[in-house]
Structure formats: C-alpha cells, structure tokens
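Here the structure is laid out as structure tokens; the discussion comes afterwards.
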Amino acid sequence: MKRYEELDLYDRELEKETAKIEADPMLFSDDVFTIEPLEGEVGPHCSAEIKVFFKPREAQVYRKVAYCSISGRETRLPLHLTGEGLEPCLQLSSEELDMGKVLVGEAYSYEAMLVNKGAIDAPFELIPPTTARGSCFTFRPQQGIIPPSGLQPIQISFSSTTLGEFKEEFHFNVAECPKPVTLTIRGHVTGLSLHFSTGGLDFNDVSFGFPQTLSCHLISTSVVPITFHLRIPGDGQGQPSLRSSDQVKDNAHPSWEKGTLAPCQEKPVEFTITPSTGTIPSQGSQEIRVTLCSNDVGQYDCDMVLDVDGFGKEVLALCLKARCVVPELRLLFSTLDCGPCSAKVPCQKTLILVNPSPLPGCYRVLPQRHQEAAALWYSSPKPCGIIQGHNVVEIPITVEVQAVGAPSIPVDIAVFGKETSPLQMRFMCTGKTPLVYASVNKINLGEIQAIQETSQTLQLCNQDLIPAAFRAEIDGKCWSIEPREGVVPAKAEVPVVVTANLGDTGRFEDSMKLFIENSLTSVIPIQAVGTGTTIAIDKPFAPELNLEPQFNLVPCVFRFNVTNKGRQFQRLYWGTEGFSPFRQRHPLPALCVTKGKNASQRHTTPVFKLRPRSMNLQPGQTMELVLEGFSSTVQDVEEKLVCETVVKPEITKKEIIKTKVTCKFISPAVQISSKAITFRVEKHPDDVLTLQYKPLSLKNTCCLPFHLLLDLEQPFLICDADHQPLPAGAQPVKMEAGQELHLSIGFNPAYEKDPISWVAEKTMKIQLVEHPHEEEITVRGEVYFPNLRIPTKALDFGCIANGAKQVRSLEMTNCSPIPAHYHWSFRVNSKEYLTGFIPSPPRFRPQPQMARFGCVECGRYSRRYFRPGSVREPAKAPEAAQDSSQQSSHSANCLETEQNSSQESSDSENSLETEWDSSEESSDSEGSLETEDDSPEQSPHPENSLETKQDSSQKSSHSEASPEAKVPPSTAAGPRSSVETKGSGQSVEAEAPGFRAEEAVKTGFKGKFCSRENVLLPGDIPVYFNVWY
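1042 is the number of the first residue of the sequence shown in the working numbering; add one for each residue after it.
And the structure:
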C-alpha cells in the first residue's frame, strides 16, 4: 500500500514536470550571448531586426548555436554565434626611468604614465617592493581603473640615505592579465662636496656709516646641483643700519641732534650678503659679496655659516673681521667775522671743514636753536655733506642780522657717528640801518574838486646795497596810500601814490608817517583845499549829458540818485537856464505835432524838466532826481540844466552844477512794401476756393527799436512768411533798428457762403506801442461767380385767343466777368420739365393760385405759376415785346441785384406786377394773374456795367432753338419776335390746344385763355430756370 502511494506521488511529480516542459517555450538563454527579441511575428514580404549581444567573461573564444523555430516549418533554422574575449592591454609610456646622480637625503619627484591601449577597462594594482632600496620609492596612486584609450599618471617620490648605484623593478598587476606591467628605475646616490675660496674676510678699518664690500667664491665639486643659504648669526636682527648717504638726505634725523646714534631697542642689521641663497650647479661656483655698514664703533669678529637644503645646517663657516672708527674732522677757523651788514638782509659766508684722516666722514650744520629771540640768524642752504679722506670742504652759510649792533652766536657742526660734542664755531656781525628817503618833504595838492579823487606820486629811493621794507600810514579818512607797504629794491625807487577824496570844501591838513624797517620813521605833511560841491550823482551828469535819440510826442524819463556826501545840510534848487522856474509847474504839452510857422518859433517851455524842483539833503542822504523830456516835433534839442545850493549859515544861492543836455527827437519810420493789396478770385465751375496769399514786408528805417501791433479784420488774415496765421492776442512784434519783418496777407474767398459775387475792402492798421504814429494798408478782395440778372419780375400775356400765339421778350444780363451756362425749366404739378414739354390740360377746375416770381440772381431761382390752354395772341403783342426789350436796357451788369419791383412794373406796358400790385391788377382784369415777389428790395448800385443790344428776332430764334444757352460775360440776352394773329389779316399760325413751353415767356406769364368750343378757366403753371455757376 505504501509502495502504491509512492508510485502515485512519483506519477504526479512526473506529470507536473512534464507539464512544465510542455509549457516552457524553450527560448534561447545564455550568459555570454543575448538575443533580442526572442520571439515575434514577421508579416508576408517583411523582415525583422534581431540584435545579438556578446558579453565575454574571460579572455577566450566563445561558440554557441541558437535555433529559430518557425511556425509551420518542421526543422528549425540554426544561428552559429562565435565571439572572442580579449584581456586588458596596459602599457607604460616608458618602461625604464634613469634618475642619474642624486644627493643623499634629498627628495626627488618623477612621473610615469600608464596607458590602456585595449578595448576594455584595465584595473591595475602596484605590487609592494620587498627590497631596502625599493622602500625609498613612493607611488601615487597605487591602484585604479584605466578606461579604454585612457591615461593614468603615476607620481614617484624618491629619497635615499644610502650612497651608491641602484636598479629597481616595480610591477603592476592587471586584472584578467596573466603578465604584470614592469617599470625599471635606475640611478646613483652621491654625497656633498663644497668649500670657500678663502679662509676668511678682513675689512680692516671702516668709517662709521660708510658701507664697504668684500667678496669670495663658494665652490662645489659635487656631481649634482646644491641649494645653499648663507647667514651671519652674530649680526643684528633690527632695521638696516644707517648709511651716510641717507643721513645727508635726511637732515632731521634724531641722531644729528644728539651727536651719536640714538639708543635702539634692537641692534640693526649691519651685514649684507649677496646672494644670501641660491643653487650651485654641479662642478660649479658662486661669487659671494659681503657688505658691512657699521653703526657701532669697535671690533667685529664673527662667522658666516652655510646651510644646504636636504643636507644640514652650518655645513661650512667663513670668518669675518673688521674695526669701525669715526674720522676726526676739524674747522679751519674757530670764528667768522661777517663784517657790517644791513639789518634783515641775508649775507653769504663760507665755513671750511678739514678731514685729515684717510676715511670719509659725514657732517651736518645743526639748525639754530631759539632763533626768534636771537639778534643774529644763520642757516645753510646745504647743511649736510660728505667729506672724503684727506680733503677740505667749504660749507655755505647765510647770516642775517636782525638789529643794529654787533651780535655774535655759536654755530654747531655734528659729525656722523661721533659721540662727543660737535664741532663749534662763533659768528660775529655788525648791523647797520638802510639808507631810504622820500623824494619830497611835503605834499600840497592845492585846490581840488570835492568828493573827487586827486592823486600825487612821491618816490621812495633806496641808496643802499640791500632792499629795504617800508610801511606808510595816515590817520585821515579822506586820504589813501597805494601801496601802503612793500620793499624798495637796492639802488632802486618805488612810487607811492597819495590820493585825496575830500568830503567837503575848505582846507584839509594831515601828515603821512613813513616807516622804514630798521631805520628811523619819517613824517611828511599833506594839505589840500576842497572846492566845488559835495553833491554826487550816481550816473554821468555834468558837465555834458548826451542822451540817446528819443521819439517825439512820447515823454522820456531818466532817473538819477543825488547824494549829499558833505558834512553839512544843503538845500538844492534845480532849473533850466533861460526859462522861468515857475513855468515848470505847467503840465506837459498835448500830444500833437506843430506845423506851419509856429513850428520854428522858440518854445515857451523847456523840453527837459527836473523834479523835484528843490531838495533838502542831510549829510549822507540820497534822493531821486527825475529828468523828463518831451518834444512835439522832430528836432535836435540843446538845453542847460542848473543846480543851485544854499549851505547854512549862508542865505544866498550858489551855482554848483551846470549841465549841457543834448538830445535828438525823431519820428518812427516804417517802410512798407505795398500800401494797397488787392486779391481777385474768379470762381469757375471746376475751381475750389482756397486761401490766397500775398507778401508784405515792414522795415524799421529809424535808429530806435519799437513794437508793432497789427490789426486786420476778416476775411483777411495776417500770416508769417510761411503762411501760418499769427495767433490771436499775439504779443507786439519788436523791431530793432534796420530790421525787416516779412509777413504775408491771406484772403479767404470762401468767407461768404452764397455763390454771389462780392467785394471786401478792409484797412490793416499798424500801430506803434511806443508812439501814437499809425500806418494803414488798404486790403481789397474780389470774388466773382457766374451770375445772371433779369430785370423784369413777371410777364403778362393778357387775353389770348384760342389757337393764337403771342410772344413776349425779356433781356437777361451776365453781370460777372465769367461766362455763365444756363438752361430753362418749368414746373407742372410739382415736377420740373425742360423747355419743349407740352403738358396735358387738367380735367378738373383748379383753384386760383398766387404766382411767386423773382429775378434769378446769385445762384437763386424764382418760381412762377401759370395755367396752360389755347391762347390767341392779341394784336398789341409786338408793342409789348418792344416795350419789354426797352425795359431790360435799364438793368446793370456785374455786382448788381434787380431793382425795385414797383419801378419795373411802371416801366412795362405788359402789366408786369409785383406782390404789392396784385390786388389792383385783380380788380381791373378779369383773368389777371397774381404773383409774389420773393425779394421786394434789391441793391440799386451797379458796378462795371456793360450792356449790349442784339436784334430781337435773332435772340428769339436762338431762344426757341435750344432750351439751354450761354450768356457771355456782361452780355444781355433778349430775344424778340413779332406776334402773328388771325385778326390782323396776316398769316396766322394754327396752334393745337395747349401751351408750348419754348414759345412762352422765359420767366412765366399771366392772363386769360378763351375758346369758342370750350372754355378753360384761368390757372397758373410754375416755370423755373436754372443757372450753373
């Protein structure tokens, strides 16, 4: 039973495994080769891309077979896969490194380069060396990975303490590569071999502060370069020692004042080694220079030691010896007598300094102590210097005595490095006074004008050989001196100007004190007598006052400030010579120009007047004086103004100012390019009315500027030269003397809206702001339209027999200079018809209507009403037509409207009636036609009338031939023809019932129509005519 159970279990496991195998698609799987995609579908006549990836794990050849199972195919397609795995290829850029000769104990650095020439990454690692020499090398880095075609630098450091030659091999393991990469390094480690060319340096005696230099050579017999450092352990560590050359430039150093070097906190550096560090090539040498600048008197015995990098300190030493001394300098003379000198005048002298020793020395003349209180000053332009051994030096000294006498003073000379007292010398000098005097003993200015400057010059003469300073003083306020102080050069003169400005009249006395430096003071008396007046005017006033030209008829005013610069109260009286002072109270004359004989007569009042007439001026007080001038004529004026004063306690007047006043009074003059400007515009049918411009220039031909105000009314404009209108309310235009102003005058022909010929004439006013003078320019503008004039207001045909024809004529005039094209039309039942239209008679009895009739004028038209019917012409029609033509001869052309309708009615025999005559006509005639006049009043003033008469028969035939006609300019159109009737026995023209428009009167008609067969009641038919413009 147990066995059956086990078998059953095995069977189930076998079934599971079999099911897994059957379910497994058996796709290709490998660790080295990979195929993508492993399965898929390829359509008919298509292809599929299969990618195979190869990833070797070892350096060997791989082979594999993959089968492709295709549905519907019994056998599978084999795919043989072959690939070879390559190992890393790592190489050194140089397999051997020769270090040559190196010093023992020195550190050296080198570089090697690892190069990966393979196609895969190359991991590497250094195999640690096992030899003693190999442990002296250090590699950085010791491991890493180098990508294909990559580089890896290897830093190699070497330092050995063992002498001798060596050769070492170093290995780098490369992953997956059985053979390591080997680097061979060889070299030779040697010891140090250096020495100086001398056993020591002895400077012997050196002067204090004077540098001295000795040299030697450092020789290397080593086979490698050696880097060295030289130093002197016994030298100071402070600042560099002081040198005599620097002391000469810096004469304010503290060491000069104390005679020796000031105590230093730290010993200075006295030795200088050049070079103190460097590198000596193998088998080479280096010159070493040692300079000593001693600042310490005494013996020197020290060593200069040598340090070698990488080997040790104080490898070699060189002995240095020296002795520092200060040379004994002395003065050739212990005293110096400068002799007589002028006070405060520098005197040049010389000190002689001797150096008997072989060493050079440095000296300085110390500055003078407490110089301000000393009677004798000294200084040296070159206080410091160097004196060579066994030599003599001359030191320049400047001596200046400050007072009269024989003072003496010691002079100290310090020697650089000497601790004892400095050298000393005594100066002696005798001071004397300068010889300076004035050219005059007193100054007398005599009589001079008060409050006006008057000067006199005196000369200060210096007879001495030195310049002398001076200073002048004076106490009075009315005196001034220029210059008040200065210097008189030796053997020269200086002018001194004394100026007096007396504040009053009378005698003035004073004295001038003249101080000469280091000499006696001189006193010079000064006197002057003041005359004239102490009244001063701020502007030029006397003795002549020439005024600029002024306009006549315009007052001119000049203002002055009058000041009493005296010390007393004054009362002033102003007037004009030759005129009574009381006349000045009268007002200024009227603004008018005198003509005729009176123009040349003497003026009863002066042209120039002064106000106020009198002034009361306290000392220092100022009042305003106004000078007014007025001339009514153009003339040259010359008058004299007089000022009188009364000074207390006097009571009489005294003339103090008399001024001659001259002035030229002129009239403004404006030169105008044209005194009349005319515009003429003719409006043709295709023209557009635009602004018209004409130039205008104004020029100021007088010698004074003025301002212009321009005024011109519409339809004219004042424009600039660019045809831009001047703004309304513009400021007056300023015109300088001789300036020309260019303007343009514009004209607006479209100012009037109706198409009627019109004329505008305006006056352009040119006013001056500064003068009442005016200029006028006449500006005229003419605008012409094609206008027609018909003098009659109505046509009365009276009673006409049925079938008869009657003709009435009228005269039409072109009152413009332009040809006028026109045509006639009439209106029936609110419809317009051209002439030639025959309307049908009405079938109803219309009510009587009033007829409106007027003359065609300036683009307007008049309406006329009449009734159609069979008309028989009366026998008197020719006479009416003749009377009508005679009536038209009374009309005028051009800018004229029709005359009064009542006058026209009285001159015609054909009962031409106006609106106010319609009632009378209605009572006298049974079939009368009433009319309205739209314009009862017309202008009766014609211009430029020109009338011509033509044959009435020709005019009538022309009117019947065409409904439109052209009337030439200034031509009257009046067609006339005889009227035929049956009753007259002449040939009678038969007419059909109705009315022909071309046979009717051109402006309308009025009357009765009779017929034996049928009777048509009176009626009106409106008729219009049009005029083109």
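We put the CB at the ideal spot given by N, CA and C, even for glycine. No experiment lies behind these values; they were computed from the predicted model shown.
Tell whether a beta-carbon distance below 8 angstroms holds between F1002 and V1648. Nothing about residue 1002 can be reported from this structure: the residues present for the chain run from 1042 to 2070 only.
Contact set for L1131: own chain, Cβ-Cβ below 8 angstroms, skip 5 residues either direction: Around L1131: L1155, V1156, N1157, K1158, G1159, A1163, F1165, I1187, F1213, V1215, C1218 and V1222.
In DSSP terms, what H1212 is bridged to: Bridge partners of H1212: T1223.
By Cβ distance below 7 angstroms, which residues in the same chain neighbour V1177 in space, the five residues on each side in sequence not counted? Looking at the sequence shown, residue 1177 is not Val but Cys. Cβ within range, chain order: F1199, S1200 and S1201.
Considering only residues of the same chain and omitting the five flanking positions on each side of C1470, which have a CB-CB separation below 6 angstroms? C1379, C1382, L1417, V1440 and V1442
On the three-pair Cβ rule with 8 angstroms, is the region 1745–1757 touching the region 1846–1861? no
Kindly indicate which three-state DSSP category E1136 falls into: helix, strand or coil? coil
Can you give the beta carbon distance from G1141 to H1229, rounded, assuming they're within the 8 angstroms contact cut? 7 angstroms
Alpha carbon to alpha carbon, how far is S1190 from L2071? Give it in angstroms, no decimals. Because the chain spans 1042 through 2070 in this model, residue 2071 falls outside it and cannot be assessed.
Identity of the residues DSSP links to I1393 by a beta bridge: E1435
Considering only DSSP beta bridges, list what Q1733 is partnered with. F1788
Considering A1060, what are the terminal residues of the alpha helix (DSSP H) in which it resides? K1043 to A1064
Quick check: what's the CA-CA separation for D1579 versus S1421? 59 angstroms
Would you grab the beta carbon distance between L1204 and T1172 for me? Rounded to a whole angstrom, and I think it's under 8 angstroms. In fact, because the Cβ distance is near 16 angstroms, the residues do not count as touching under 8 angstroms.
Which residue wins for smallest C-alpha separation from Q1609, given the options L1594, A1583, A1577 and P1660? P1660
Could you say which of A1384, F1249 and V1356 lies nearest to G1339 if we only look at CA atoms? Of A1384, F1249 and V1356, the residue nearest in Cα terms is F1249.
Which same chain residues, not among the five before or five after F1620, have their C-beta less than 8 angstroms away from its C-beta? Once the five neighbours on either side are set aside, the close Cβ partners of F1620 are T1646 and P1647.
Integer-rounded CB distance, given that F1269 should sit under 8 angstroms from T1318: Going by Cβ atoms, the distance from T1318 to F1269 rounds to 7 angstroms, so yes, they are a contact pair.
Would you kindly check if the distance between the Cβ of L1588 and the Cβ of C1704 is under 8 angstroms? yes
For the pair the region 1789–1800 and the region 1722–1741, tell me if three or more CB-CB distances fall below 8 angstroms. yes
So what does DSSP say about S1708, is it helix, strand or coil? Here S1708 sits in coil by DSSP.
Report the partner residues of A1513 according to the DSSP bridge assignment. Partner(s): L1555.
How about I1707 and N1828: are their beta carbons less than 8 angstroms apart? no
Would a C-beta distance cut-off of 8 angstroms place G1279 and V1247 closer than the cut-off? no
Only counting the same chain, and skipping five residues up and downstream in sequence, which positions put a Cβ closer than 8 angstroms to that of P1129? N1157, G1159, I1161, D1162, A1163, P1164, V1215, A1216, E1217 and C1218
Measure the C-alpha to C-alpha separation of N1688 and P1536 and round it to an integer number of angstroms. Strictly speaking, residue 1688 in this sequence is Val, with Asn absent from that position. Looking at the two C-alpha atoms, the distance is approximately 39 angstroms.
In whole angstroms, what is the alpha-carbon distance linking K1105 and E1082? 24 angstroms
What does a CB cutoff of less than 7 angstroms around P2073 pick up in its chain, not counting 5 residues either side in sequence? Since the first residue of the chain shown is 1042 and the last is 2070, residue 2073 is not available in this structure.
Between which two residues does the beta strand (DSSP E) holding Q1288 run? Taken as a continuous stretch (DSSP letters only), Q1288 belongs to no beta strand (DSSP E), being part of the alpha helix (DSSP H) at S1285 to K1290.
How many Å lie between R1227 and P1316 at the Cα? Distance between the alpha carbons of R1227 and P1316 is about 35 angstroms.
Whole beta strand (DSSP E) runs in the region 1302–1373 with 3 or more residues, listed along the chain? Scanning the region 1302–1373 from its first residue to its last, the whole beta strand (DSSP E) runs of 3-plus residues come out as 1312–1315, 1318–1321, 1326–1333, 1339–1349 and 1353–1366.
For C1177, three-class secondary structure by DSSP: helix
Thinking just about the alpha-carbon of each residue, which of D1551, Y1419, C1502 and P1508 is nearest to the one in K1483? D1551
Check H1931 in the structure and name its three-state DSSP category. Low confidence applies here, because H1931 scores a pLDDT of 35, under 50, leaving its location unreliable; read the following figure in that light. In this structure, DSSP gives H1931 a state outside helix and strand, which the three-state scheme calls coil.
Which listed residue (P1860, S1335 and V1265) has its alpha carbon closest to that of K1724: P1860
Work out the CA separation of L1737 and R1849 for me, nearest whole Å. 55 angstroms
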